[in-house]
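Our numbering numbers the first residue of the sequence shown as 98 and each following residue consecutively. Okay, so here's the structure we're looking at.
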Amino acid sequence: MTSEQSRRPNLITLDYERRLWAGGCRRVAGIDEAGRGPLAGPVVAAAVVFPPEFTIPAVNDSKLLTQAERESLYDEITGSAAGVGIGIVDHAVIDEINILNATYRAMHDAVSRLGAAPDHLLVDGNRFSDMGLPFTTIVDGDALCFCVAAASIIAKVTRDRIMMDYDVRFPGYGFARNKGYATREHCDAIVRLGYCGIHRKSFELNMQLELEL
C-alpha cells in the first residue's frame, strides 16, 4: 500500500456552509490553527471566507497533505478566497497568557484581519472564546468542512514558513524539519545547546517528559 493509498479519504463537504447560507449568512469564515503543541515558535491561526458554493476539490485536512500539496493549495486558496486573515501570537505571549488563550487571541486576530466581518464563524475544535460573532465549533472540522480545511492549510503553511526562517536564525535545533515539535532531535538539541530565543519556557515540563520516554 502506498502512502497515497493509505491516507484517509477526503471527507470535506460544503454541508456546514450550505446550512448557514440557506439561513441568510453570506460571509461564512472557517477558522483553524497550527502550532498549539510545539516547544518553540508561535501559534498561528487563519480565517478564510469563500464566495457561496465555491470549492477547491483538492482541499483537505492539512495533516493529510504533503508539503508540496499544501504550498500549491495555499496559493490557490489565497487567490480565490473572498477573504483571508492570519493571526500570529509569539512564544513570549504564549508563556504569559498560556497556549489556550494565545490560540484564542490568534484566532480573533485572524478574524479581525478579514476586512469585512463574517456573518458566522466555523471553528475547528470543541470550544472557542466568544468575540461577539455567531460561531459553531466542529470537532475534526479540518477534516469535514471546506472552509475550515482551507484555514488549516493557510495556518500550517504560514507557520512552517516562519519555522524555516527560524531554522536559519537559530541553527542546531532542526526547526526546518521538526517545526518546533518535541522530536528526539529537538529535545537532544535543547539539552546540548539550551533554550534559544523562540522557545516556550512554560513548556519545559513537556520537554522533560519527552526526554524520559
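For every residue, glycine included, the Cβ atom is placed at its ideal position computed from N, Cα and C.
Whole-angstrom distance between residue j and residue i, CA atom to CA atom
i: E282; j: G121; result: 51 Å
i: N107; j: S177; result: 21 Å
i: A144; j: V125; result: 10 Å
i: C293; j: A273; result: 15 Å
i: S100; j: L162; result: Its pLDDT being 37, under 50, S100 is placed unreliably in this model, and the coordinates cannot settle the point.
i: Y278; j: I287; result: 12 Å
i: D227; j: E150; result: 27 Å
i: G180; j: L211; result: 5 Å
i: A165; j: Y171; result: 10 Å
i: G238; j: I153; result: 16 Å
i: V146; j: G127; result: 7 Å
i: R258; j: V265; result: 11 Å
i: H205; j: G184; result: 7 Å
i: L230; j: W118; result: 16 Å
i: P148; j: E173; result: 14 Å
i: K253; j: G132; result: 8 Å
i: R269; j: K298; result: Per the sequence shown, the amino acid found at residue 269 is Gly instead of Arg. G269 and K298: Cα-Cα distance of roughly 18 Å.
i: K276; j: C284; result: 12 Å
Anticipated Cβ contact below 8 Å, residue i with residue j, distance rounded
i: G182; j: A213; result: Going by Cβ atoms, the distance from G182 to A213 rounds to 11 Å, so no, they are not a contact pair.
i: N157; j: I109; result: 6 Å
Cβ neighbour criterion (16 or more within 10 Å) applied to residue i
i: K160; result: exposed
i: L290; result: exposed
i: T255; result: buried
i: G134; result: exposed
i: R202; result: buried
i: E114; result: buried
i: S249; result: buried
i: M304; result: Low confidence applies to M304: its pLDDT is 44, below 50, so where it sits in the model is not reliable, and the reading given next is rough at best. Under this definition M304 is a buried residue.
i: M261; result: exposed
i: M98; result: Since pLDDT at M98 reaches only 28, below the 50 mark, its modelled position is unreliable, and no value is offered.
i: N195; result: exposed
i: A155; result: exposed
i: R167; result: buried
Beta-ladder partner(s) of residue i, from DSSP
i: H217; result: V125
i: C242; result: T110
i: I251; result: Answer is none; I251 lacks a bridge partner.
i: I183; result: A143
Distance cut-off 7 Å: residue i Cβ against heavy atoms of the ligand ADP
i: G222; result: With respect to small molecules bound, the structure shown includes none, and the ligand ADP cannot be examined in it.
Inset, instruction - Evaluate the contact criterion for the stretch 129 to 139 versus the stretch 183 to 193: three or more CB pairs, one atom per stretch, below 8 Å. - result: yes
Legend entry - Contact between the stretch 208 to 228 and the stretch 243 to 257 (3+ Cβ pairs under 8 Å): yes
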